[in-house]
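Asker:
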Amino acid sequence: MPYEYLENVALSDVAFRASGKTLEEMLVSAWEATLALMVENPQNLHAQEFRSFQVKDTAADFLLCKFLGELIYFKDAETLLLRISSLQVQKVQDDLIVSGEAFGERIDPMRHSLGVDVKAVTLYQLRVENTPDGWNCQVVLDV
Amino acid sequence: MRVPARIYASEKLLAEMDSMVFEQTANVATLPGIVGYSLCMPDGHWGYGFPIGGVAAMDPATGVISPGGIGFDINCGMRLLRSNLDHDEIKAKLPELVDRLFGSVPSGVGAKGRIRLSVSDLQEICRKGARWCIEKGYGWDEDLSTTEEGGCIAGATPENVSDRAMERGQHQLGTLGSGNHYLEIQVSRPENVFDADRAKAFGLTRPNQVVVMFHCGSRGFGHQIATDYIAVFLRAMVSEFHITVPERELACAPFGSRIGQEYFGAMKCAVNMAFANRQLILHHVREAFTDVFRKDPKELGLHQIYDVAHNIAKIETHIFDGTRRELLVHRKGSTRAFGPGCKELPAQYLRTGQPVIIGGSMETGSYLLAGVEDGKQSFYSTAHGSGRIMSRKKARHLYRGTELQKRMFEHGIYVRTASFAGLAEEAGEAYKNIDEVITAASAAGLAKPVVRLTPIGNVKG
Chain A
10 MPYEYLENVA LSDVAFRASG KTLEEMLVSA WEATLALMVE NPQNLHAQEF RSFQVKDTAA
70 DFLLCKFLGE LIYFKDAETL LLRISSLQVQ KVQDDLIVSG EAFGERIDPM RHSLGVDVKA
130 VTLYQLRVEN TPDGWNCQVV LDV
Chain B
358 MRVPARIYAS EKLLAEMDSM VFEQTANVAT LPGIVGYSLC MPDGHWGYGF PIGGVAAMDP
418 ATGVISPGGI GFDINCGMRL LRSNLDHDEI KAKLPELVDR LFGSVPSGVG AKGRIRLSVS
478 DLQEICRKGA RWCIEKGYGW DEDLSTTEEG GCIAGATPEN VSDRAMERGQ HQLGTLGSGN
538 HYLEIQVSRP ENVFDADRAK AFGLTRPNQV VVMFHCGSRG FGHQIATDYI AVFLRAMVSE
598 FHITVPEREL ACAPFGSRIG QEYFGAMKCA VNMAFANRQL ILHHVREAFT DVFRKDPKEL
658 GLHQIYDVAH NIAKIETHIF DGTRRELLVH RKGSTRAFGP GCKELPAQYL RTGQPVIIGG
718 SMETGSYLLA GVEDGKQSFY STAHGSGRIM SRKKARHLYR GTELQKRMFE HGIYVRTASF
778 AGLAEEAGEA YKNIDEVITA ASAAGLAKPV VRLTPIGNVK G
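Just so you know, the protein sequences line up as chains A and B, in that order. Note that this note's numbering has the first sequence beginning at 10, numbered continuously upward. Note that this note's numbering has the second sequence beginning at 358, numbered continuously upward.
The following block contains the structure:
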């Protein structure tokens, strides 16, 4: 499993660690960890709606924040639950730019077994690490 | 530390507090312009920057404003409504009433409000708060007089709110949210009335009187404003203001600076949106009661007792060191509790002190208290809830939502939820003992218990 929820980091909210061989894989794992809090069996979300997104920052941890924030935004502004279909990270001068495509469905309480509403990505103990074994991150979400 | 830190707690509560409470209360004491003490209330627990339960008053001229001292959920707060019904009168119809409320008040992930709003409507709500709802027929004039700030804090500046925040908030007016947000039907049992005089002044005059309490805030709108300005402050703190803080979540800016005032104006937009949110929910509650009992809400006595914020920063006048001073008071998971005679209170509460609404777990009950004169020691601030002692992951592992629902029904509480996983996370065992928090707050002179309210019905997101 590319992510795990942490028990002792955040009592009022939810903390997780996610990993991947590449930064792209780690970002996708982090999104899957976030999505799985909001809906059971997210792998069953159908491709009914499609969205593109792009975020950038000079620091990997803030980039992660903004990336997860994009998909939280779609959830609130358009009531969409989205999975990532493609993602790439480019370095342009000092900026790390994440571009991606996502697919999913409008939230339907009759069909979706819903969990808790993720409202923000906090900076608390937020970290992104590039190690010889791959990329790791730790995130605390405000729910 | 620029000032001492002070934590209000019994020995037991202190022993149970996580270590971050102490570290964060001390960190807050390093903020520029802080006055008096860095405070933490008896329900204190770990937060972002400030502990939850944290209170800090700043000199507006020399001090900073910090989004961490308000919280992501700006104007998360409580509203309490009374009725002229007693438990026996609603018992037979309780499941129907809770079902109706569950259908009337959208809750959970992706819930959309029942009122269609444009962005310009939301901008108007930012400026008018709950008054917007009253103008549209979603409430009564008297609701405003029993809401903190009259349901609208002056000086909101929608132009300082991002398009993203507007888009997140546009469809969420009149929604409950999820997590620890809830709408509860409760009763005031005679053996749980501690101050009969104040209970009567708050409109609780019958044994087993039915009340409705709900807990929610500014939804994605407030969260986005907080997120936006934490990022702005982090950049400016170093480059413009040369302020350093012990942790990033204490990001701040001088209150008098351009960005400090921009955040304050945007924060007020979220404050007003939350007041409007709870006003619209109140309207939906009245509609549900009318539908079930086939009586007009005024016939049912559905009058608001009070609405109070517990995540906010406000300019208030306090006597400090013998001098009357205007201070910027941050309350993060802390409820304002003005004592008797405070001129900000509506006339009917000048003698009693302000109603203070403190929520416990969904299984144990909540409290209505009154502000007291001694509350001036904490800038008239007190606790806001009972605080978690168990992680959400552990609670989901230990409890099944469907079994918890059954257990609560066996204990006389009928629950409807948008998420059984979410319900499991809110099991009573996940929270501190509310009675201990209230006892500590009372013993410290922060507020006076008036009545303990027993839950009988619950709507959770």
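Each residue gets a CB set at the ideal place from its N, CA and C atoms; glycine is no exception. Only a predicted model underlies this, so the values are computations on that prediction, with no experimental measurement involved.
Roughly how many angstroms separate the alpha carbons of L77 of chain A and L36 of chain A, rounded to a whole number?
Answerer: As a first step, residue 77 of chain A is located in the first sequence; it is residue number 68 there, counting from the start. As a first step, residue 36 of chain A is located in the first sequence; it is residue number 27 there, counting from the start. Going by the C-alpha atoms only, they are around 8 angstroms apart.
Asker: Can you tell me whether D430 of chain B is buried or exposed, with buried defined as 16 or more other CB within 10 angstroms of its CB?
Answerer: Taking the first residue of the second sequence as position 1, residue 430 of chain B is located at position 73. So D430 of chain B counts as buried.
Asker: What residues match up with W144 of chain A in a beta bridge as DSSP calls it?
Answerer: Along the first sequence, read from residue 1 onward, the residue named residue 144 of chain A stands at position 135. Per DSSP, A:G29, A:N139.
Asker: Go to P417 of chain B, then tell me how far its beta strand (DSSP E) extends in each direction, as first and last residue.
Answerer: Numbered from its first residue, the second sequence carries residue 417 of chain B at position 60. That residue, P417 of chain B, is in no beta strand (DSSP E); it is neither H nor E in DSSP.
Asker: Mind checking P547 of chain B: buried by the 16 CB within 10 Å criterion, or exposed?
Answerer: In the second sequence, the residue the question calls residue 547 of chain B occupies position 190. Here P547 of chain B is exposed. Its C-beta has fewer than 16 other C-beta atoms within 10 Å.
Asker: Could you have a look at F76 of chain A and say whether DSSP puts it in helix, strand or coil?
Answerer: Your numbering for residue 76 of chain A matches position 67 in the first sequence. DSSP places F76 of chain A within a helical segment (H, G or I) once states are collapsed to three.
Asker: Would R615 of chain B count as contacting chain A if we go by Cβ distances under 7 angstroms?
Answerer: Looking up residue 615 of chain B in the second sequence gives position 258. No, its Cβ sits nowhere closer than 7 angstroms to a Cβ of chain A.
Asker: Taking the DSSP output, what are the residues bridged to V64 of chain A?
Answerer: Looking up residue 64 of chain A in the first sequence gives position 55. In the DSSP output, where bridge partners are listed per residue, V64 of chain A has A:V107.
Asker: Determine, for G143 of chain A, whether the minimum Cβ-Cβ distance to residues of chain B falls below 7 angstroms.
Answerer: Sequence index remark: in the first sequence, residue 143 of chain A carries index 134 (1-based). Not one chain B Cβ lies under 7 angstroms of G143 of chain A.
Asker: Kindly indicate which three-state DSSP category L530 of chain B falls into: helix, strand or coil?
Answerer: Taking the second sequence and counting its residues from 1, the one referred to as residue 530 of chain B is at position 173. Note: L530 of chain B maps to coil in three-state DSSP.
Asker: Hey, quick one: how far does the alpha helix (DSSP H) through G622 of chain B stretch, first residue to last?
Answerer: Within the second sequence, numbered from 1, the residue matching residue 622 of chain B stands at position 265. Looking at the DSSP string, the run of the alpha helix (DSSP H) that includes G622 of chain B is 615 to 650.
Asker: State the DSSP-derived secondary structure class of R120 of chain A, mapped to helix, strand or coil.
Answerer: Reading the first sequence from its first residue, position 111 is the one you call residue 120 of chain A. Here R120 of chain A sits in coil by DSSP.
Asker: Assign V595 of chain B to one of two classes, buried (16 or more other C-beta atoms within 10 Å of its C-beta) or exposed (fewer than that).
Answerer: Looking up residue 595 of chain B in the second sequence gives position 238. Around the beta-carbon of V595 of chain B, fewer than 16 other beta-carbon atoms lie within 10 Å, marking it exposed.
Asker: In terms of residues, what are the limits of the alpha helix (DSSP H) holding C490 of chain B?
Answerer: Translated into the one-based positions of the second sequence, residue 490 of chain B becomes position 133. Unbroken alpha helix (DSSP H) run through C490 of chain B: 487 to 492.
Asker: In chain order, what residues of the segment 570 to 599 of chain B put their CB closer than 9 angstroms to some CB of chain A?
Answerer: R576, G577, F578, G579, H580, Q581, A583, T584, I587, A588, L591
Asker: H572 of chain B: which of B:R555, B:G716, B:G470 sits nearest, CA to CA?
Answerer: Stepping through the second sequence from its first residue, residue 572 of chain B is reached at position 215. Ranking the options by Cα distance to H572 of chain B, first place goes to B:G716.
Asker: Among A:V23, A:L123, A:C146, A:L89, whose alpha-carbon lies nearest the alpha-carbon of A129 of chain A?
Answerer: Numbered from 1 along the first sequence, position 120 holds the residue referred to as residue 129 of chain A. With distances taken between Cα atoms, A129 of chain A lies closest to A:V23.
Asker: By alpha-carbon positions, which one of B:L530, B:A468, B:S545, B:D478 ends up nearest to P812 of chain B?
Answerer: The residue given as residue 812 of chain B occupies position 455 in the second sequence. When only C-alpha atoms are compared, the closest one is B:S545.
Asker: Check whether chain A comes within 7 angstroms of K459 of chain B, counting only Cβ atoms and requiring the distance to be less than that.
Answerer: Here residue 459 of chain B corresponds to residue number 102 of the second sequence, with the count starting at 1. The displayed chain sequence assigns Phe, not Lys, to residue 459 of chain B. Taking Cβ atoms only, chain A never reaches closer than 7 angstroms to F459 of chain B, which makes this a no.
Asker: Should the segment 44 to 58 of chain A be regarded as contacting the segment 117 to 126 of chain A, the criterion being three or more beta carbon pairs within less than 8 angstroms?
Answerer: yes
Asker: Considering E49 of chain A, what are the terminal residues of the beta strand (DSSP E) in which it resides?
Answerer: The sequence position of residue 49 of chain A within the first sequence is 40, counting from 1. Unbroken run through E49 of chain A: none, as it is neither H nor E.
Asker: Which same chain residues end up closer than 7 angstroms to V127 of chain A when comparing Cβ atoms and leaving out the 5 residues on each side of it in sequence?
Answerer: Your numbering for residue 127 of chain A matches position 118 in the first sequence. So the qualifying residues of the chain are T43, L46, M47, I81, L150, V152.
Asker: Can you give the Cα-Cα distance for T387 of chain B and L73 of chain A, rounded to whole angstroms?
Answerer: Against the second sequence, residue 387 of chain B aligns to sequence position 30. Against the first sequence, residue 73 of chain A aligns to sequence position 64. The straight-line gap from Cα to Cα measures roughly 29 angstroms.
Asker: 7 angstroms is my cut-off, CB to CB: does V466 of chain B come that close to chain A?
Answerer: Residue numbering aside, residue 466 of chain B sits at position 109 when the second sequence is read from its first letter. Taking Cβ atoms only, chain A reaches closer than 7 angstroms to V466 of chain B, which makes this a yes.
Asker: Beta-carbon within less than 7 angstroms of E782 of chain B's beta-carbon, same chain only, minus the 5 sequence neighbours each way: which residues are those?
Answerer: As a first step, residue 782 of chain B must be located in the second sequence, where it is residue number 425. Non-local C-beta neighbours of E782 of chain B in its own chain, meaning closer than 7 angstroms and more than five positions away in sequence, comprise R749, A752, R753, ordered along the chain.
Asker: When you compare only the Cα positions, how much space is there between E597 of chain B and L591 of chain B?
Answerer: Taking the first residue of the second sequence as 1, we reach residue 597 of chain B at position 240. Taking the first residue of the second sequence as 1, we reach residue 591 of chain B at position 234. If you draw a straight line from the Cα of E597 of chain B to the Cα of L591 of chain B, it is about 10 angstroms long.
Asker: Just to confirm, is the Cβ distance from G742 of chain B to A694 of chain B under 7 angstroms?
Answerer: As a first step, residue 742 of chain B must be located in the second sequence, where it is residue number 385. As a first step, residue 694 of chain B must be located in the second sequence, where it is residue number 337. Going by C-beta atoms, G742 of chain B is not nearer than 7 angstroms to A694 of chain B.
Asker: Taking S475 of chain B as the reference, give the member of B:I662, B:L530, B:R488 with the closest Cα.
Answerer: If you number the second sequence from 1, residue 475 of chain B lands on position 118. When B:I662, B:L530, B:R488 are compared, the shortest CA-CA separation from S475 of chain B is found for B:L530.
Asker: Assign T759 of chain B to one of two classes, buried (16 or more other C-beta atoms within 10 Å of its C-beta) or exposed (fewer than that).
Answerer: Taking the second sequence and counting its residues from 1, the one referred to as residue 759 of chain B is at position 402. Taking all protein chains in view, the Cβ of T759 of chain B is surrounded by fewer than 16 other Cβ atoms within 10 Å, so the residue is classified as exposed.
Asker: With H, G and I counted as helix, E and B as strand and the rest as coil, what does DSSP make of A129 of chain A?
Answerer: If you number the first sequence from 1, residue 129 of chain A lands on position 120. Strand, per DSSP.
Asker: For K84 of chain A, count neighbouring C-beta atoms within 10 Å of its own C-beta (all shown protein chains included) and say buried if the count is 16 or more, exposed if not.
Answerer: In the first sequence, residue 84 of chain A corresponds to position 75, counting from 1. K84 of chain A is buried by the Cβ-count criterion.
Asker: By Cβ distance below 6 angstroms, which residues in the same chain neighbour T131 of chain A in space, the five residues on each side in sequence not counted?
Answerer: The residue you call residue 131 of chain A lines up with position 122 of the first sequence. Here the set comprises V149, D151.
Asker: Relative to the C-alpha of V392 of chain B, which candidate in B:F578, B:V518, B:D416, B:L639 has its C-alpha closest?
Answerer: In the second sequence, residue 392 of chain B corresponds to position 35, counting from 1. Selection B:F578, B:V518, B:D416, B:L639 evaluated against V392 of chain B yields B:D416 as nearest (Cα-Cα).
Asker: For a cutoff of 7 angstroms on Cβ pairs, would you count K751 of chain B as touching chain A?
Answerer: Taking the first residue of the second sequence as position 1, residue 751 of chain B is located at position 394. Interface residue, yes.
Asker: According to DSSP, is E506 of chain B part of a helix, a strand, or is it coil?
Answerer: The count along the second sequence starts at 1 and reaches residue 506 of chain B at position 149. Here E506 of chain B sits in helix by DSSP.
Asker: Using a cut-off of 8 angstroms between C-beta atoms, extract the partners of M630 of chain B located in chain A.
Answerer: Position 273 of the second sequence, counting from 1, holds the residue named residue 630 of chain B. Here the premise fails: no neighbours, minimum Cβ distance about 13 angstroms.
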